[in-house]
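Student: Sequence order for the protein chains is A and B. Heads up: the first sequence begins at 1 in the numbering used here, then just goes up one per residue. Heads up: the second sequence begins at 1001 in the numbering used here, then just goes up one per residue. Please find one structure pasted underneath; my questions will follow.
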Amino acid sequence: MTSSGISFNGVSHTYRPPRGRPVLALDGVSLEVKDREFVALLGPSGCGKSTLLYLLGGFMPVETGTISVAGKTVTGPGPDRGVVFQNFALFPWKTVQQNIVYGLEKQRMPKPEREKRAQELIELVHLEGFGDSYPSQLSGGMKQRVAIARTLAIDPLTLLMDEPFGALDAQTRTLMHEELLAIMRRTPKTVVFVTHDVREAVYLADRVAVMTARPGRIKEIVDTKPSTGSRAEFIHTQEYTEKVDYLWNLVRDEAIKAQGEH
Amino acid sequence: MERVNANWRRTLLRSSSVILLAVAWEWGARMHFVSDFLLPSLSSVLTRLFEDIVSGDILVGLGLTMLRTLAGFTIAAAAGIVIGITIARIRVIRWFFDPVVSVGNPLPKIAFLPIFILWFGVFDWSKIAMVAFSSVFPVVVATWAATESVDKYLLWSAESLGVSKRQLLWQIVLPAAMPQVFTGLQIALPISLIVVIICEMTMGGQGLGGSMMTSMRFADSPGVFSGIVAIAIVGSLVVKAMELIRKRLLVWHEENAH
Chain A
1 MTSSGISFNG VSHTYRPPRG RPVLALDGVS LEVKDREFVA LLGPSGCGKS
51 TLLYLLGGFM PVETGTISVA GKTVTGPGPD RGVVFQNFAL FPWKTVQQNI
101 VYGLEKQRMP KPEREKRAQE LIELVHLEGF GDSYPSQLSG GMKQRVAIAR
151 TLAIDPLTLL MDEPFGALDA QTRTLMHEEL LAIMRRTPKT VVFVTHDVRE
201 AVYLADRVAV MTARPGRIKE IVDTKPSTGS RAEFIHTQEY TEKVDYLWNL
251 VRDEAIKAQG EH
Chain B
1001 MERVNANWRR TLLRSSSVIL LAVAWEWGAR MHFVSDFLLP SLSSVLTRLF
1051 EDIVSGDILV GLGLTMLRTL AGFTIAAAAG IVIGITIARI RVIRWFFDPV
1101 VSVGNPLPKI AFLPIFILWF GVFDWSKIAM VAFSSVFPVV VATWAATESV
1151 DKYLLWSAES LGVSKRQLLW QIVLPAAMPQ VFTGLQIALP ISLIVVIICE
1201 MTMGGQGLGG SMMTSMRFAD SPGVFSGIVA IAIVGSLVVK AMELIRKRLL
1251 VWHEENAH
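What follows is the structure, given as structure tokens:
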């Protein structure tokens, strides 16, 4: 099995808006994510956590520091890192099935295999019967399930998720959490998950990296792996509540600082 | 049968204002509020239109007018889409076209008519060129805006799924830009119709605009009105056809979701 650990090494990033002064968004971020580990990046809005993820995705050039995945330095986007965005970013002119097989077409997988794989994924994310629907005909939760299936289709080593459930209502979000964990049990991957929701981070992640308000730095890394039992039980334990409280206190200070800035 | 009846009723209801105007026209003309010369009755205009269709006169003119319209429009569409995309993607092209478009877009293009006559003569080419020149701007502007405003997350998603730079344009940017580009085309088409009629009126010769001017000179107002009715019918049919093509092409778009 290939190792797919991720390492951020002294990564800084400056935004240069067309007008106005440059803004230091990230300041010397270093972080190691182990193979098949689920790490959440938690921080107030504007702390640069999404920027860090986009740098990891290769969508923006890394100017200071280095990011490497499975020992290879990131220089651009690639199918080894699957990405799921908050606003789904589905191809609206393609059906659910066509969206899911798009990455497989790029890998030149033969058509019969592609379709078989698409069928498996549609079942995995519980969208049977919607293969021929267009995204505009689906609900938010269904759209995000398609996006996850599309990303899983190319079987990436790592999964980058940018507030993937942020646009969903609370009930749908809870269901998606359970589904994501079920999927990860079946096909474990290294995951970097950006969120500003403390509960979500504690519930899903093995470790939570708390970021400071701008310029974003890693403030503290907290182990959130349940010491006993499954995740479904974890949510009802004293341990879970304590972790949530502890992390909330860390984020709270930063959120107040971030608000003061505006 | 019920469905058919319901559809008919809806069509009737939607066109009721046109029917009302037609009735008012016929009634007003028959009451002789104005002279027959200024406002011939609708029935006499329709009779005239029918005669002209039977004799074939109007069909030749109408055909020629539509041919010029569609030729100019097609050139404008093709050129406009190519220019719009290249402006958005190639720096030199943008440097050249950006100021040209910002001056040219609000300019009444018909002001170039005398020049176009000098350059291309008074026959088909000058009219087609005038139509293309007038209609190209909305297509350029729509395509430019559309290709530039493609959601960056859509592009990033495609890139992380392994799409190449060249495929990105054809497989992602163009389909994503389609709805807006099509809106540009839908703006350009009526402009093409307007300009072709003006050109024919000014330059004379065959074609609907020309024959309407001839009718006017012979004080033949039913002739003028039958031209208006003919172009109104054909024009609205062409615009309707564009709407249907849009529906077909953009089944996936929110506007067509149920």
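Glycine included, each C-beta is placed from N, C-alpha and C at the ideal position.
Can the beta-carbon of Pro156 (chain A) be found closer than 8 Å to that of Pro79 (chain A)?
Tutor: Against a cut-off of 8 Å, the Cβ pair of Pro79 (chain A) and Pro156 (chain A) comes out as a contact.
Student: By how many angstroms is the C-alpha of Glu1159 (chain B) removed from the C-alpha of Val74 (chain A)?
Tutor: Computed Cα separation, rounded: 14 Å.
Student: Just how far apart, CA to CA, sit Ile1019 (chain B) and Met161 (chain A)?
Tutor: So the two alpha carbons sit approximately 59 Å from each other.
Student: Pick out whichever of A:Pro135, A:Ala70 and A:Asp245 has its Cα sitting closest to the Cα of Asn1256 (chain B).
Tutor: It is A:Pro135 whose Cα lies nearest to the Cα of Asn1256 (chain B).
Student: What residues in its chain sit with their C-beta under 6 Å from that of Asp1220 (chain B), if we drop five residues either side in the sequence?
Tutor: The answer is none, since no qualifying residue turns up.
Student: Can you list the residues of chain A that Val1163 (chain B) reaches, using a CB-CB cut of under 7 Å?
Tutor: Simply Lys106.
Student: Below 8 Å, can you find three or more Cβ-Cβ pairs linking the segment 1007 to 1022 of chain B to the segment 235 to 242 of chain A?
Tutor: The segment 1007 to 1022 of chain B is not in contact with the segment 235 to 242 of chain A.
Student: For chain A, find out if any of its Cβ atoms is closer than 8 Å to the Cβ of Asp1151 (chain B); answer yes or no.
Tutor: With 8 Å as the cut-off, Asp1151 (chain B) counts as an interface residue toward chain A.
Student: Measuring alpha carbon to alpha carbon, tell me which residue in A:Phe193, A:Val244 and A:Val210 is nearest Glu37 (chain A).
Tutor: The shortest C-alpha separation from Glu37 (chain A) is found at A:Phe193.
Student: Taking the alpha carbon of Ala1079 (chain B) as the reference point, which residue from B:Phe1050, B:His1032, B:Ala1188 and B:Trp1027 has its own alpha carbon closest?
Tutor: Per the Cα distances, B:Ala1188.
Student: Over what stretch of residues does the beta strand (DSSP E) that includes Glu202 (chain A) continue unbroken?
Tutor: Glu is not the amino acid found at residue 202 (chain A); the sequence shown has Val there. Careful: Val202 (chain A) lies outside any beta strand (DSSP E), inside the alpha helix (DSSP H) at Val198 to Leu204.
Student: If we ignore side chains and look at the alpha-carbon of each, how far apart do Gly10 (chain A) and Gly1162 (chain B) end up?
Tutor: Using only the alpha carbons, I get a separation of about 28 Å.
Student: By how many angstroms is the C-alpha of Val208 (chain A) removed from the C-alpha of Phe1137 (chain B)?
Tutor: Their Cα atoms are separated by approximately 53 Å.
Student: Please name the residue in A:His126, A:Gly76, A:Glu63 and A:Leu175 whose C-alpha comes closest to that of Asp27 (chain A).
Tutor: Asp27 (chain A) has its Cα closest to that of A:Glu63, out of A:His126, A:Gly76, A:Glu63 and A:Leu175.
Student: Gln1206 (chain B): which of B:Val1122, B:Pro1175, B:Leu1155 and B:Arg1048 sits nearest, CA to CA?
Tutor: When each option's Cα is compared against that of Gln1206 (chain B), the closest is B:Val1122.
Student: Our contact map puts Val202 (chain A) next to Leu247 (chain A) with C-beta atoms below 8 Å; I'd like the distance itself, whole angstroms only.
Tutor: Contact holds; Cβ gap of about 6 Å.
Student: Just tell me which of B:Trp1119, B:Val1131 and B:Val1181 has its CA closest to the CA of Val1141 (chain B).
Tutor: Here the closest residue by C-alpha is B:Val1181.
Student: Give the residues of chain A in contact with Leu1154 (chain B), contact being defined as C-beta atoms less than 8 Å apart.
Tutor: Simply Ala89 and Phe91.
Student: At 7 Å on the CB atoms, spell out the chain B contacts of Ile100 (chain A), in chain order.
Tutor: Residues of chain B passing the Cβ test: none, with the nearest at roughly 10 Å.
Student: Select from B:Gly1084, B:Ser1135, B:Ile1117 and B:Asp1098 the residue whose C-alpha is nearest the C-alpha of Lys1109 (chain B).
Tutor: Looking at the Cα atoms, B:Ser1135 is the closest of the given residues.
Student: Given a threshold of 16 other Cβ atoms within 10 Å of its Cβ, counted over all protein chains shown, does Leu1193 (chain B) qualify as buried or as exposed?
Tutor: Buried, since its Cβ has 16 or more Cβ neighbours within 10 Å.
Student: According to DSSP, simplified to helix, strand and coil, what is Phe130 (chain A)?
Tutor: Coil at Phe130 (chain A), not helix or strand.
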